[in-house]
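Using the numbering used here, read the sequence shown as starting at 19 and increasing by one per residue.
Right, one structure below, let's go through it.
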Amino acid sequence: MDCSLVRTLVHRYCAGEENWVDSRTIYVGHREPPPGAEAYIPQRYPDNRIVSSKYTFWNFIPKNLFEQFRRVANFYFLIIFLVQLIIDTPTSPVTSGLPLFFVITVTAIKQGYEDWLRHKADNAMNQCPVHFIQHGKLVRKQSRKLRVGDIVMVKEDETFPCDLIFLSSNRGDGTCHVTTASLDGESSHKTHYAVQDTKGFHTEEDIGGLHATIECEQPQPDLYKFVGRINVYSDLNDPVVRPLGSENLLLRGATLKNTEKIFGVAIYTGMETKMALNYQSKSQKRSAVEKSMNAFLIVYLCILISKALINTVLKYVWQSEPFRDEPWYNQKTESERQRNLFLRAFTDFLAFMVLFNYIIPVSMYVTVEMQKFLGSYFITWDEDMFDEETGEGPLVNTSDLNEELGQVEYIFTDKTGTLTENNMEFKECCIEGHVYVPHVICNGQVLPESSGIDMIDSSPSVNGREREELFFRALCLCHTVQVKDDDSVDGPRKSPDGGKSCVYISSSPDEVALVEGVQRLGFTYLRLKDNYMELLNRENHVERFELLEILSFDSVRRRMSVIVKSATGEIYLFCKGADSSIFPRVIEGKVDQIRARVERNAVEGLRTLCVAYKRLIQEEYEGICKLLQAAKVALQDREKKLAEAYEQIEKDLILLGATAVEDRLQEKAADTIEALQKAGIKVWVLTGDKMETAAATCYACKLFRRNTQLLELTTKRIEEQSLHDVLFELSKTVLRHGGSLTRDNFSGLSADMQDYGLIIDGAALSLIMKPREDGSSSNYRELFLEICRSCSAVLCCRMAPLQKAQIVKLIKFSKEHPITLAVGDGANDVSMILEAHVGIGVIGKEGRQAARNSDYAIPKFKHLKKMLLVHGHFYYIRISELVQYFFYKNVCFIFPQFLYQFFCGFSQQTLYDTACLTLYNISFTSLPILLYSLMEQHIGIDVLQRDPTLYRDVAKNALLRWRVFIYWTLLGLFDALVFFFGAYFMFENTTVTSNGQIFGNWTFGTLVFTVMVFTVTLKLALDTHYWTWINHFVIWGSLLFYVVFSLLWGGVIWPFLNYQRMYYVFIQMLSSGPAWLAIVLLVTISLLPDVLKKVLCRQLWPTATERVQNGCAQPRDRDSEFTPLASLQSPGYQSTCPSAAWYSSRSQQVTLAAWKGKVSVEPSPTLSGSRHHGSSSPSHSCPGSRVQMLV
């Protein structure tokens, strides 16, 4: 009995799904393997058709309706509409059906148009021609007809039609270059490698005769991960097995560059390609405003049910009196008398629900969506957020979170490429204690021929000279840099010095900086050709090294290695990586001197890397090859096995030296962080860099102040004390000074006030997040959170990508539930960007993965200031007014209807005409609030940027709190009482017009409705601070439209109406003098309380915003928050700012107080955070005085 199936199932479901990897077998060119090799089992795969559309012609209507009625508001109005159709209700079904039909139709048209565009794009993609090999000949067919196993030919500048395994190219070394801009936005060239045994097949006949099968994993969306192997069959021998990885995979959507043509075999087609698997949308984020809207909606739903219940009960109480149930003019039939009482009561309850259902504003959802969609264009159109250098502007990937930009309480930012430029410059290298600085600057002069200056002691010995050259060779060989002879290639590039035309290209700016730096020190990397790396030494001799293996860099190991063979046959392993990953693996070398230099450079804010090596004998190398080959061809747990192999190989190293690379601060990064902190926002830096490097950057960008006391929660300290003791000691320290730092007192920190900064590393965070032995981890987390709340800034260093997301999640779900924002520029920031309430990607040099996965994207970190302080502030102000105003005007609309029931025997008689019920929210009052929510500016843009503290006025959902919501509701109730009883008492004794006619109930209702439309529109006019011709046109135009419509609706006999109860009513009402008086008087009385409240509050309890509004017209003799330091230094400058004198005295230097308590560090002026362009005397640095110890 064959138990293999049973074993497979047991292994799959008992060992855990994550350990089981399903695979597929692909027959290259659909050729069966040789007899006896393996069973030929043809498999069915999808064709190459891409479908990004959601609907088809046949399912559009049912599917779209189903999706729309999943929304609670739409479903509610559908139920109301059906009730109106089923039972005898006081209002026509048109009053509910027409607004609902309008909303559903507009949404369906929008979604249908968007889907039509997707269909159009899909057809263009699916019908493009593709060349493939059939029976050794080149054949052309449509892309959608490609099948898995087809051999495809792609020419230069064409995009790959599906996911291909790279078989061969016209290049002799079997490489090709691609760009993946349409996948991840990275425009840099990436090198891919053909299968070793097929790279020599250059013609259609050769490739058509290939006998091979491919085993690989099933499709999965990770663009940078692929596991497979290829079996190449020859006539006589056993198949050759080669590993396949991401370097052999050419993805659909990528473009072939600088390569004439390639051949590849299709392995994933159509919707199974990685590009298609990445179509799926991210998890839906909901803003705080939307949550408030839903809460308010539930309250109004309860009010609606309460009104219906009260009226139903009162109706039967009123009808309990004799003859009230059956007046003489409306006697019941026999069947009506015999009807069940409870059934009658339930029917009446539903009828009252229909009558009052307009208190729920269905059109609010459409207006909010339009406001968000149209409002998002103001970000993309903002010229101040356009970066001339890169030609990039801001992007809006979702408009659902616009108002959330005005509610941010925590910002989590990456360092490299976000706060810094990610534009690396090689500064120095240290080789066995000897420091080398290319182009040394001393007293402002560049010293010529300074490529090998020893700055510690005498020149190195003969043995030291060998180590020095070995170090330079290691930097020339241990990298993935490409060399181009064509200056017109795409992507980031830098031309080396010395007049050479070659261009260095790499996905990592660090590697380019190191290769360029070592070139200035005498060693030039030339190229990789036929698997040989060539470099030019100081004697201008070309050295060739055979590239045997590359141990690729990854964020867990934090290092990379290469194994090369020299021309003399010596085999070397060169390893380059972070000091924390190199030092533990070193057994020889001047570790103490190099460690001291690394720490010294890190304090100055330089990025450091260590370089080590070891020699391998042939037997060792053969063992390494077997180990790597076994790991590479594994289909299951390949990454884990490779990591274990790398761990065994990269040990017992000899330390050569270290490098230092400078990454300058971005322009205005310090000003941006200072403004955000003044706005009451806490800024945390999450980085994978060393603690010293990150801390120096935090000082330079003003995250840490001169008086900030730094607290350590690091592995080193936890090794000395237990985690429990460290946490409690830090807690006592920070809580001794008044508890946690609230948003208000945080933003008002003075220059002399003591504040704390916390530094934590990844290992310490793992211990805090790790569950304790008793099964609880909450105690440590809560204590850690309490310490963080009491600190003005937090620096998290040595963070893995998932740890960044853990930090964000920890704060996001803390008891205060603050609104979080994450900003980063690289793939390692995607996890925290997706975790935060709002994710912002910086369009940087590490690709566009962060920008693609974010909610918003900006060119530079400095643009975050305007995005939050201006756009976020405006968005929140606008949408909060929109939501409150919609509920207010619907209370005004429906409460008079409720009061009217007390005067009509609870007979469900409507106060308003059907046209008024239908058009109130659609036409009469919709456009003014939409335009207000798009254009309102209660304060000028320059004022918001100059005074970041105004951001606090709208913090914590201030304008949608229950207190404000109740005020708007009570204001609506008051206005409704004025409308109804004002009209009632005004006409109680004057119901006869000049011609003797008597006003009826429709005239009364029309008067109430007219006063209401004018009041709610003028209320919005009173709230408007920013008037344009568009506001005037819409507000006064809406009132004019109402008057003209009412005149036409009641003044013309419309043939399509069975009856016209409003005929001549509006004209008759306006012919009465008391009606005009009532309109003017009641509108004035309705608006009076709100006007008085605004005046009194502004005079007695003004907010910061209102104080600014009151003072805008007055000349203000005050400094900008960001007055340039140069102007502060000028002799004629007088400032009232108490800290101006301090700034002036400190303008030439920034002193960094090291957290050890013993050392102060004065960074070199090259750190852009310390650079003041207004200084009259330039600062220069000598190599020997980069760090000054002050005892």
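We put the beta carbon where it would ideally sit given N, CA and C, even for glycine.
Host beta strand (DSSP E) of residue i (start-end)
{"i": "Lys547", "result": "542 to 547"}
{"i": "Thr43", "result": "41 to 45"}
{"i": "Trp702", "result": "700 to 704"}
{"i": "Pro261", "result": "258 to 262"}
{"i": "Gln739", "result": "Segment: none, Gln739 is in no beta strand (DSSP E) and carries neither H nor E."}
{"i": "Lys594", "result": "589 to 595"}
{"i": "Thr292", "result": "Per the sequence presented here, residue 292 reads as Lys, with Thr not at that position. Where Lys292 is concerned, there is no enclosing beta strand (DSSP E), although the alpha helix (DSSP H) it sits in stretches over 292 to 295."}
{"i": "Trp238", "result": "The question names Trp, yet the displayed sequence has Gln at residue 238. Where Gln238 is concerned, there is no enclosing beta strand (DSSP E), given that its DSSP letter is neither H nor E."}
{"i": "Gly675", "result": "671 to 683"}
{"i": "Asp175", "result": "Segment: none, Asp175 is in no beta strand (DSSP E) and carries neither H nor E."}
Residue environment, residue i, which counts as buried when at least 16 other CB atoms sit within 10 Å
{"i": "Tyr938", "result": "buried"}
{"i": "Ile397", "result": "buried"}
{"i": "Val307", "result": "buried"}
{"i": "Lys138", "result": "exposed"}
{"i": "Pro74", "result": "One detail in the question is off: residue 74 reads as Thr in this sequence, not Pro. Exposed, by the Cβ-count rule."}
{"i": "Thr586", "result": "exposed"}
{"i": "His742", "result": "exposed"}
{"i": "Ser338", "result": "exposed"}
{"i": "Leu495", "result": "buried"}
{"i": "Pro80", "result": "exposed"}
{"i": "Val744", "result": "buried"}
{"i": "Val897", "result": "One detail in the question is off: residue 897 reads as Ile in this sequence, not Val. Flag for Ile897 reads buried."}
{"i": "Val13", "result": "This structure does not reach residue 13, given that the chain is present from 19 up to 1209, and the question cannot be answered."}
{"i": "Lys292", "result": "buried"}
{"i": "Gln1086", "result": "buried"}
{"i": "Gly227", "result": "exposed"}
{"i": "Glu878", "result": "The sequence given here has Lys at residue 878, not Glu. Lys878 is buried by the Cβ-count criterion."}
{"i": "Asn92", "result": "buried"}
{"i": "Lys880", "result": "buried"}
{"i": "Lys658", "result": "exposed"}
{"i": "Leu839", "result": "buried"}
{"i": "Gln1117", "result": "exposed"}
{"i": "Glu14", "result": "The displayed coordinates of the chain run from 19 to 1209. Any statement about residue 14 would go beyond what the structure contains."}
{"i": "Lys1176", "result": "Bear in mind that the predicted position of Lys1176 carries a pLDDT of just 33, short of 50, making it too unreliable to give a figure here."}
Unbroken alpha helix (DSSP H) run spanning residue i, endpoints
{"i": "Gln611", "result": "609 to 621"}
{"i": "Asn141", "result": "111 to 144"}
{"i": "Ser784", "result": "780 to 787"}
{"i": "Ser849", "result": "848 to 853"}
Integer-rounded CB distance, given that residue j should sit under 8 Å from residue i
{"i": "Gly775", "j": "Leu813", "result": "7 Å"}
{"i": "Val1029", "j": "Val1101", "result": "6 Å"}
{"i": "Glu853", "j": "Lys833", "result": "About 18 Å separates the two Cβ atoms, so there is no contact after all."}
{"i": "Phe905", "j": "Phe314", "result": "6 Å"}
{"i": "Ala994", "j": "Ala1096", "result": "Not really, about 15 Å apart at Cβ, beyond 8 Å."}
For residue i, the residue or residues it bridges with in DSSP
{"i": "Val157", "result": "Phe150"}
{"i": "Ile248", "result": "Ile232, Arg260"}
{"i": "Glu552", "result": "Arg545, Arg562"}
{"i": "Phe430", "result": "Trp702, Ala840"}
{"i": "Met13", "result": "What the structure shows of the chain is the stretch from 19 to 1209, and residue 13 is not part of that stretch, so it cannot be assessed."}
{"i": "Gly775", "result": "Leu728, Ala811"}
{"i": "Cys628", "result": "Gly595, Ala676"}
{"i": "Ala875", "result": "Leu413, Gly859"}
- Task: Evaluate the contact criterion for the stretch 183 to 195 versus the stretch 532 to 549: three or more CB pairs, one atom per stretch, below 8 Å.
- Result: yes
Does the stretch 897 to 916 come close enough to the stretch 440 to 449 to have 3 or more Cβ pairs within less than 8 Å? no
Are the stretch 314 to 334 and the stretch 363 to 376 touching, with three or more C-beta to C-beta distances below 8 Å?
yes
Item to check | Given 8 Å, three or more beta-carbon pairs between the stretch 965 to 972 and the stretch 913 to 924 | outcome: no
Answer yes if the stretch 690 to 704 comes into contact with the stretch 601 to 613, meaning at least three C-beta pairs across the two stretches below 8 Å, and no otherwise.
no
### Segment contact, 8 Å Cβ cut-off, at least three pairs: the stretch 704 to 719 with the stretch 609 to 627
yes
_Would you call the stretch 1019 to 1028 in contact with the stretch 924 to 934, where contact means no fewer than 3 C-beta pairs closer than 8 Å?_
yes
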